[in-house]
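Novice:
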Amino acid sequence: MITPSRTVEHLVIGGGPAGAMAAIRLAEAGRQVTLAEKESGPRGTVCGEFLSREAVDYLKSVAIAPSGLGAKPIDSVRLYAGKKCAEAALPFPALSLSRRRLDAVLLARATEAGCEVLRGRCVQQLAAHDHGWVAGFESGDSIAARTVFLANGKHDVRGWSRGRGKQNGLVGFKMHWRLGAAQVAALRECIELFLFSGGYAGLSLVEDDTANLCLAVRGSSLRAAGGWKGLLARMLESNLQLRERLRGAEALAARPLAIAPIPYGYLAQRAHGLWRIGDQAAVIPSFTGDGIAIALHSATLAVQMLLDGKSADEYLSTLRGQLRRPMRLGTWVSRVMVTPPSRYAAPLLSALLPAALRAIAAATRVPDRALVTMCPAAAKVVAQAP
17 MITPSRTVEH LVIGGGPAGA MAAIRLAEAG RQVTLAEKES GPRGTVCGEF
67 LSREAVDYLK SVAIAPSGLG AKPIDSVRLY AGKKCAEAAL PFPALSLSRR
117 RLDAVLLARA TEAGCEVLRG RCVQQLAAHD HGWVAGFESG DSIAARTVFL
167 ANGKHDVRGW SRGRGKQNGL VGFKMHWRLG AAQVAALREC IELFLFSGGY
217 AGLSLVEDDT ANLCLAVRGS SLRAAGGWKG LLARMLESNL QLRERLRGAE
267 ALAARPLAIA PIPYGYLAQR AHGLWRIGDQ AAVIPSFTGD GIAIALHSAT
317 LAVQMLLDGK SADEYLSTLR GQLRRPMRLG TWVSRVMVTP PSRYAAPLLS
367 ALLPAALRAI AAATRVPDRA LVTMCPAAAK VVAQAP
């Protein structure tokens, strides 16, 4: 049994978009909330860094205007398989912003709202205790809390694993690049998706005209390529347009960020008294671009239902009902996209006409009817922001 060093009302484990949003909402509602984030300072994470309309609206509702942080507009998508291309306008306005900058701003906003933010504090143990919970830190001390929000992304707290998704065995990579001026101009206001053997990649600009390359690949394909360097070489060899985009580019890190396995299609089924939010509640394939929106939405919905006296299981049931269809479609398309291109890429590409691309983009969003409105006073601050 862990003996708590002190007691708080609400504990949020994880300082990404879901955790920070939950902390902001709770603090604005007058609740005592402590957020524990394992990283001691700003750090990137494997993410497509895409902000859909829903994500932008949620950020504005807590007085954060992404455009003011340097986020880049995205109004179209191009899908490449070899030399073939399909292009379509997005059915909604979107932005792209690095997680390093977004997470830092969200945590600063949580502190401003009155949340206690603990940096460099990794929760290693979590157990039920006296009608609540007690979390044990790597440092040896602990905190008791009446409620706990699990917002620790794709990394599990010991003993509280999420289980498998509908599509497993994928490895995620992310690396930022400094492109040449001509390539920046060609990529501006567009996100490009590239199919390659065993996976797919996305490339888009974030603040300061940095390019984010994020990809998912089957573990077997990664092993066959001999690791990251071999995989990148194969991707560039098989995709002329990606090779052109990265011609003369400077990698901004010695190696990419990586995560494995990625449980695409995962939807939490039982709460066990915990409020699971973000990737702890649902993991949608990266190409849909709705991961950050789902993180912000799940956090907002969870806090609203808690404030309304609902249970964690009732919250999860509501969230599953809202996300089941977009998750099912996104996971099906993701499965198709990682099949061998020699057999499937050409017919897939010919099927994904602009109208179909737009339809898929629209159908993999958090439904409009599910969006939660909270804190109208905060929303007014940035209601007119671009």
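Position in the sequence shown counted from 1, then plus 16, gives you my numbering. All residues carry an ideal CB built from backbone N, CA and C; glycine is no exception.
Hey, how far is the Cα of residue 141 from the Cα of residue 118?
Specialist: Numbered from 1 along the sequence shown, position 125 holds the residue referred to as residue 141. Numbered from 1 along the sequence shown, position 102 holds the residue referred to as residue 118. Roughly 28 angstroms between the two C-alpha positions.
Novice: Are residue 192 and residue 226 closer than 7 angstroms when you measure CB to CB?
Specialist: Along the sequence shown, read from residue 1 onward, the residue named residue 192 stands at position 176. Along the sequence shown, read from residue 1 onward, the residue named residue 226 stands at position 210. Yes, these two residues count as a Cβ contact at 7 angstroms.
Novice: Which word fits residue 269, buried or exposed, when buried means at least 16 other C-beta atoms lie within 10 angstroms of its C-beta?
Specialist: Within the sequence shown, numbered from 1, the residue matching residue 269 stands at position 253. That one is exposed.
Novice: Determine, using beta carbons only, whether residue 166 and residue 290 come nearer to each other than 7 angstroms.
Specialist: What you label residue 166 is simply residue 150 of the sequence shown in a count that begins at 1. What you label residue 290 is simply residue 274 of the sequence shown in a count that begins at 1. Yes, they are a contact pair.
Novice: Is it the case that the Cβ atoms of residue 28 and residue 35 are separated by a distance below 7 angstroms?
Specialist: Taking the sequence shown and counting its residues from 1, the one referred to as residue 28 is at position 12. Taking the sequence shown and counting its residues from 1, the one referred to as residue 35 is at position 19. Yes, they are a contact pair.
Novice: Drop a sphere of 10 angstroms on the beta-carbon of residue 33, count the other beta-carbons inside from all chains shown, and report buried for 16 or more, exposed for fewer.
Specialist: Taking the first residue of the sequence shown as 1, we reach residue 33 at position 17. With 16 or more other Cβ atoms within 10 Å, it is buried.
Novice: Can you give the beta carbon distance from residue 185 to residue 235, rounded, assuming they're within the 8 angstroms contact cut?
Specialist: Within the sequence shown, residue 185 is the residue found at index 169, counting from 1. Within the sequence shown, residue 235 is the residue found at index 219, counting from 1. Indeed they touch by this definition, with Cβ atoms about 5 angstroms apart.
Novice: With distances taken Cα to Cα, identify the nearest neighbour of residue 54 among 47, 78, 265, 123.
Specialist: Mapped onto the sequence shown, residue 54 falls at position 38. Per the C-alpha coordinates, the member of 47, 78, 265, 123 positioned closest to residue 54 is 123.
Novice: Along the chain, where does the alpha helix (DSSP H) containing residue 340 start, and where does it finish?
Specialist: Numbered from its first residue, the sequence shown carries residue 340 at position 324. Looking at the DSSP string, the run of the alpha helix (DSSP H) that includes residue 340 is 328-353.
Novice: Return the chain-ordered ranges of every alpha helix (DSSP H) run that is complete within the region 107-134 and spans a minimum of 4 residues.
Specialist: 115-129
Novice: Going straight from the alpha carbon of residue 208 to that of residue 150, what length do you get?
Specialist: Position 192 of the sequence shown, counting from 1, holds the residue named residue 208. Position 134 of the sequence shown, counting from 1, holds the residue named residue 150. Each residue's alpha carbon lies about 45 angstroms from the other.
Novice: Quick check: what's the CA-CA separation for residue 204 versus residue 159?
Specialist: Mapped onto the sequence shown, residue 204 falls at position 188. Mapped onto the sequence shown, residue 159 falls at position 143. Straight-line Cα distance between these residues: approximately 46 angstroms.
Novice: Span of the alpha helix (DSSP H) holding residue 200?
Specialist: In the sequence shown, counting from the first residue as 1, residue 200 sits at position 184. Note, residue 200: alpha helix (DSSP H), 197-203.
Novice: Out of 259, 120, 189, 154, point me to the one whose CA is closest to residue 57's CA.
Specialist: Reading the sequence shown from its first residue, position 41 is the one you call residue 57. Residue 120 is the option with its Cα nearest to residue 57.
Novice: What do you reckon, are the CB atoms on residue 107 and residue 378 nearer than 7 angstroms?
Specialist: The residue labelled residue 107 in the question sits at position 91 within the sequence shown. The residue labelled residue 378 in the question sits at position 362 within the sequence shown. Yes, the pair counts as a contact, with Cβ atoms nearer than the cut-off.
Novice: Considering Cα atoms alone, identify which of 155, 198, 260, 43 is closest to residue 96.
Specialist: Indexing the sequence shown from 1 puts residue 96 at position 80. Measuring from the Cα of residue 96, the nearest candidate turns out to be 260.
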